[in-house]
Each structure stands twice: as C-alpha cells, then as structure tokens.
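This report refers to the structure that appears directly beneath it.
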Amino acid sequence: MQPGKQSGIRRVTSWHLVGAQLRHFRKAAGLTQAALAEELGVGEDTIASVEQGRRALQLDLAIKIDELLDTKGALQVAVAKIPKKERYQALVKDFVQYEQDAVSLFSYESQLIPGLLQTEAYARLVFSSHYPPLEEEEIERRVATRLDRQKVLERKPRPILHFILEESILYAELGDPEVMLKQLLHLRRCMDLPFVSIQIMPRKTPKHAGLAGPLVLLETPDHDQLAYVEMHLRAELYDDPADVSALMQKCGMLRSQALTAEESARLLDALIAALLGET
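Quick note, our numbering runs 17 ahead of the 1-based positions in the sequence shown.
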C-alpha cells in the first residue's frame with residue numbers, strides 16, 4: 018500500500034456492533050435519533066455518532082436507553098463486555114470525558130499554554146489564529162467548550178494535575194500584550210493550587226525528551242492508563258500498555274530535565290515583574 022492511501026477496508030469494531038444494536042432498538046421503538054436524544058437529554062449528534070460506531074456508548078447512557086426502550090439490559094451487557102483493547106475511542110469528544118473523570122493527568126506542551134490553564138481571552142486568541150479561519154460563532158463555541166473543560170479544576174475529589182511547559186511559551190508575543198500578561202498571572206496563581214504542579218522546560222537544555230511534540234497522560238477512575246497525542250489533522254488515544262509505558266518513560270525524563278516547581282515559579286515571577294515594570 019502506498020503511503021497516505023487507505024486500503025478501502027473499514028475496520029469493524031465492537032462499537033460498530035453496539036451502535037447497530039442501538040439503531041435496531043431505536044427503530045423498533047419508532048423513534049428518530051432526534052426524538053431519542055431529546056428523551057435522554059443528550060445531543061442528536063451523540064446518538065448518531067454512537068450508532069455509527071464513531072463514539073463509545075458510555076455505561077450510564079446505555080442503562081438509561083435500556084430502561085427507556087425496555088431492552089432488558091441488552092445494551093448495558095454489550096458495553097460491559099467490550100474487550101479492554103477496544104474500550105477507549107480515539108476521539109476528542111471522548112477524550113474530554115476521560116479528562117474530566119481522570120484521577121491524575123500529566124501534560125507536556127511545546128507551543129501553547131495548556132487548555133486547562135488558559136484564560137478566556139487567551140483561548141479566544143488561540144482559536145482566532147486557526148487556519149483556515151473559523152467563523153466567529155464557531156470561535157465562541159470552542160472558547161465556551163474550553164472554559165467548560167476547566168471545571169475539572171473545581172471537581173471533588175481533586176485530580177492531581179502536572180504540567181510541563183516550554184519556556185518559549187511564556188515569551189510568546191501573541192496578540193495584545195495585556196492578554197499575555199493576564200494569562201501569565203493566571204498561570205502563576207495556578208502554580209499555588211495544592212493539586213497542581215507546573216514545571217518550565219528551560220530554553221537551554223543539553224538533552225530534551227519531548228522533541229516529538231506535546232502529549233497527555235491520564236489515569237482513569239478504574240486506574241487504566243491512557244495517552245493522548247494531538248496532531249494537525251487527527252488525534253490518537255493509546256491504551257495499549259506497551260505504548261503507554263513508553264510515553265510514561267518519556268514523561269519521567271521530561272520531569273527530570275525541566276526546572277523544579279520552585280525554580281519555575283521564580284522564573285515566572287521574574288518575567289511577570291519585568292512585564293509589569295514595562296507597563
């Protein structure tokens with residue numbers, strides 16, 4: 018097969034079978050996707066994505082559908098029996114849910130302040146820089162979604178969150194200088210949260226384990242380990258123990274190469290002081 022070309026063979030997963038079951042039960046009940054979504058209080062696109070096998074059916078939603086359609090627990094059993102290697106879907110929507118439920122999360126970022134730590138103005142600047150350009154309504158929708166994700170910082174029990182940022186991110190002159198200053202002040206406040214650790218990767222370092230780009234590792238409430246890697250046109254979610262182990266080793270090395278949390282706080286304090294002095 019030539020690089021970049023698809024074989025034309027669609028891989029059928031257990032989620033496609035669960036989706037087919039849902040579609041069969043829904044039609045047997047005489048409901049449209051929109052009607053079922055309204056009954057469940059979810060978006061119509063959620064039902065469509067599940068039926069097409071593009072999105073995992075969460076267990077709590079499966080139970081609700083079984084009760085609503087009187088399917089005797091069929092979907093609940095089907096979801097519970099999904100093989101572990103197929104349990105997780107490489108879709109951004111599903112990753113966001115895993116992120117919200119995570120017991121712990123590690124994030125390495127090389128270009129931007131991580132989404133969970135962004136201010137509203139900084140997030141808007143990020144999405145306004147998208148190319149091809151996004152419509153204004155889409156920018157606002159994405160900003161709202163990003164801010165909603167940050168509710169994980171208020172969740173109890175608190176998740177343990179660890180971030181490593183490239184020093185160059187702090188010096189980026191993006192948009193209005195006031196936006197960046199307020200973002201750095203917010204980042205400094207986040208450093209003082211007891212469940213958040215932030216390290217800065219210095220610009221001058223003899224070796225760097227993160228040259229392949231950003232990544233996120235998280236631990237689910239069931240203590241499964243997941244790794245998430247985002248690229249320009251796609252995202253990948255890894256749950257294979259060998260893959261996750263390799264990326265965990267990379268994260269361990271990154272933590273040893275970065276400044277300590279205390280050194281990082283002092284660096285950021287000095288930068289903010291300089292900016293405030295200039296303004």
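For each residue, glycine too, the CB sits at the ideal point set by N, CA and C.
Of the residues the options, which one's Cα is nearest the Cα of residue i?
| i | options | result |
| --- | --- | --- |
| Leu187 | Leu204, Asp111 and Arg175 | Leu204 |
| Gln216 | Val35, Glu155, Glu183 and Met197 | Glu183 |
| Lys81 | Glu126, Pro150 and Leu53 | Leu53 |
| Lys199 | Arg175, Gln135, Ser262 and His179 | Gln135 |
| Leu170 | Ala189, Pro100 and Pro211 | Pro211 |
| His249 | Ser262, Gln50 and Pro231 | Pro231 |
| Val201 | Leu57, Ser66, Asp87 and Ala287 | A small fix is needed here, since residue 201 is Leu in this sequence, not Val. Considering only alpha carbons, the answer is Ala287. |
| Glu292 | Ile130, Pro219, Glu195 and Ile156 | In the sequence as presented, Glu is not what sits at residue 292; that position holds Leu. Minimum Cα distance to Leu292 is reached at Glu195. |
| Ser281 | Arg220, Asp241 and Gly294 | Arg220 |
| Leu285 | Phe112, Thr162, Glu137 and Met208 | Met208 |
| Gly192 | Arg158, Asp241, Leu142 and Pro176 | Leu142 |
| Ile289 | Met197, Lys173 and Met218 | Met197 |
| Glu84 | Glu116, Ser66, Leu39 and Gln114 | Leu39 |
| Leu86 | Tyr125, Glu126 and His41 | His41 |
| Thr88 | Ala65, Arg43, Thr49 and Ser66 | Arg43 |
| Glu137 | Gln167, Glu116, Val213 and Gly36 | Gln167 |
| Arg283 | Ala140, Arg206 and Asp111 | Arg206 |
| Arg159 | Ala37, Val113, Gln266 and Met218 | Val113 |
Considering just the uninterrupted stretch of the alpha helix (DSSP H) at residue i, what are its terminal residues?
| i | result |
| --- | --- |
| Gln50 | Gln50 to Leu57 |
| Tyr139 | Glu137 to Ser145 |
| Leu235 | That residue, Leu235, is in no alpha helix (DSSP H); its beta strand (DSSP E) goes Leu232 to Glu236. |
| Thr63 | Glu61 to Glu68 |
| Glu155 | Glu153 to Arg166 |
| Val169 | Where Val169 is concerned, there is no enclosing alpha helix (DSSP H), given that its DSSP letter is neither H nor E. |
| Ala97 | Ala91 to Ala97 |
Quick one: what does DSSP say residue i is sitting in, helix, strand or coil?
| i | result |
| --- | --- |
| Ile181 | strand |
| Ala275 | coil |
| Val120 | coil |
| Leu85 | helix |
| Met208 | helix |
| Leu34 | helix |
| Tyr255 | strand |
| Gly294 | helix |
| Ser281 | helix |
| Arg72 | coil |
| Pro194 | helix |
| Arg175 | coil |
| Asp239 | coil |
| Val267 | The question names Val, but residue 267 in the sequence shown is Lys. Reduced to three states, the DSSP call for Lys267 is helix. |
| Ala229 | coil |
| Glu288 | It should be noted that the sequence gives Leu, not Glu, for residue 288. If DSSP states are grouped into helix, strand and coil, Leu288 belongs with the helices. |
| Tyr188 | coil |
| Tyr148 | coil |
| Gly47 | coil |
| Leu201 | helix |
| Leu250 | coil |
If I follow the unbroken beta strand (DSSP E) through residue i, where does it start and stop?
| i | result |
| --- | --- |
| Gln242 | Gln242 to Glu247 |
| Ile217 | Val213 to Met218 |
Who does residue i pair with in a DSSP beta bridge?
| i | result |
| --- | --- |
| Glu126 | Leu182 |
Would the segment 29-40 count as touching the segment 69-87 if we require 3 or more Cβ pairs under 8 Å? yes
Taking 8 Å as the threshold, find out whether the segment 86-101 comes into contact with the segment 112-121 through three or more Cβ pairs. no
Counting pairs of beta carbons, one from the segment 141-156 and one from the segment 261-270, are three or more of them closer than 8 Å? no
Count the CB pairs spanning the segment 271-282 and the segment 221-236 that are closer than 8 Å, and state whether there are at least three. yes
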